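Below: one structure, written as structure tokens.
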Amino acid sequence: MVAGGVAVVLVAGVATGVAVAAGSGPVGAPATAGASAGPSGGSTSGSSSAGGDRDISGFQDPAAPAAKSTATPVRVTIPAIGVDASLEDLHRGSAGELDPPKGWDNAGWFSDGIVPGEVGPAVIAGHVDSPTSAAVFFRLDELVSGDQIHVAMSDGSTRTFTVDRTERAAKSAFPTSDVYGVTPTPTLRLITCDGTFDTATGHYTDNLIVFAELSDS
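What follows is the structure in structure tokens.
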């Protein structure tokens, strides 16, 4: 089952909508209610980030329960890959896609979904590169099981998550249920663009997804 009854797939690029990478565009058409994209064979191989002016629209139709916590995430820190970034609030665009972070060096959380640390899958997305340089999640593919992700909250607390695994998925076969589906415990997904940059479409072909579990609150 998909959270909220609607499939949610996420993104890609950098210049128009959400995705995360200097350039990839949308991750494919949003799934409809009741649909569940099956996971594609995961891979931990690195992101491909060609330079250039690219389009970043891309998180597919994220639909999840509204935030229930009074505290919201304001910053994400990932020591293993040198990430220390502010978090923007991300919402769905007019086409149902998840709008991307406005800043290349910022990440963003799906603020209409699960708050990090609450039961269910919270989602944080970021660009992999910009038209001129590496962006916030450029090294996301280097994360391995056991690495920690710290999410600073607006009330001064910190939610710490431990990486379980990473998965590469073609945007055409995004694992919606795995990413946005109901979970019995607090979980976190980090998403960016990955794969080959398709100059014909202006988008990366894949998404890289990091799955993590709450280890401290």
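Note that my numbering has the sequence shown beginning at 6, numbered continuously upward. Even for Gly, the Cβ is constructed at its ideal location relative to N, Cα and C. Just so it is clear, the structure is predicted and the values come from calculations on it, not from any experiment.
Tell me the rounded alpha-carbon separation between residue i and residue j.
i: glycine 186; j: leucine 219; result: 16 Å
i: alanine 76; j: proline 191; result: 15 Å
i: isoleucine 196; j: isoleucine 129; result: 6 Å
i: serine 52; j: isoleucine 119; result: Low per-residue confidence applies at serine 52: pLDDT is 38, beneath 50, and the placement is therefore not dependable enough to give any value.
i: leucine 15; j: histidine 208; result: Caution applies to leucine 15, whose pLDDT of 42 falls short of 50 and renders its modelled position unreliable; the value that the coordinates give is listed next. When rounded, the distance between both Cα atoms is 13 Å.
i: aspartate 203; j: histidine 132; result: 16 Å
i: cysteine 198; j: glycine 98; result: 18 Å
i: phenylalanine 143; j: serine 162; result: 27 Å
i: aspartate 104; j: aspartate 94; result: 9 Å
i: glycine 200; j: serine 159; result: 34 Å
i: threonine 181; j: threonine 137; result: 31 Å
i: proline 189; j: aspartate 183; result: 13 Å
i: proline 106; j: alanine 90; result: 11 Å
i: glycine 151; j: alanine 112; result: 21 Å
i: alanine 157; j: threonine 171; result: 22 Å
i: proline 84; j: arginine 164; result: 14 Å
i: histidine 96; j: serine 135; result: 21 Å
If residue i sits next to residue j, beta carbons under 8 Å apart, how far is it from one beta carbon to the other, in whole angstroms?
i: tryptophan 109; j: leucine 92; result: Going by Cβ atoms, the distance from tryptophan 109 to leucine 92 rounds to 14 Å, so no, they are not a contact pair.
i: proline 78; j: proline 121; result: 5 Å
i: alanine 175; j: threonine 206; result: Rounded, the Cβ-Cβ distance is 13 Å, inconsistent with contact.
i: phenylalanine 179; j: alanine 217; result: Not confirmed; about 18 Å, so no contact.
i: leucine 148; j: arginine 173; result: That belief does not hold up - the Cβ atoms of leucine 148 and arginine 173 are roughly 13 Å apart, past 8 Å.
Would a C-beta distance cut-off of 8 Å place residue i and residue j closer than the cut-off?
i: leucine 145; j: valine 81; result: no
i: isoleucine 154; j: valine 168; result: yes
With 8 Å set as the bound, which would you pick, yes or no: does the beta-carbon of residue i sit closer than that to a beta-carbon of chain D?
i: glutamate 102; result: Structure shown: chain D not included; a single protein chain is present.
Could you please give the first and the last residue of the uninterrupted beta strand (DSSP E) stretch that includes residue i?
i: serine 91; result: 88-95
i: valine 156; result: 153-158
i: threonine 82; result: 78-83
Look up residue i in the DSSP assignment and give the residues it is bridged to.
i: histidine 208; result: Asp203
i: glutamate 218; result: Thr167, Thr192
i: phenylalanine 115; result: Leu95
i: alanine 139; result: Asp134
i: arginine 173; result: Leu213
i: threonine 197; result: Leu213
Hey, quick one: how far does the alpha helix (DSSP H) through residue i stretch, first residue to last?
i: valine 128; result: Premise fails: valine 128 lies in the beta strand (DSSP E), 125-131, not in any alpha helix (DSSP H).
i: valine 184; result: 181-185
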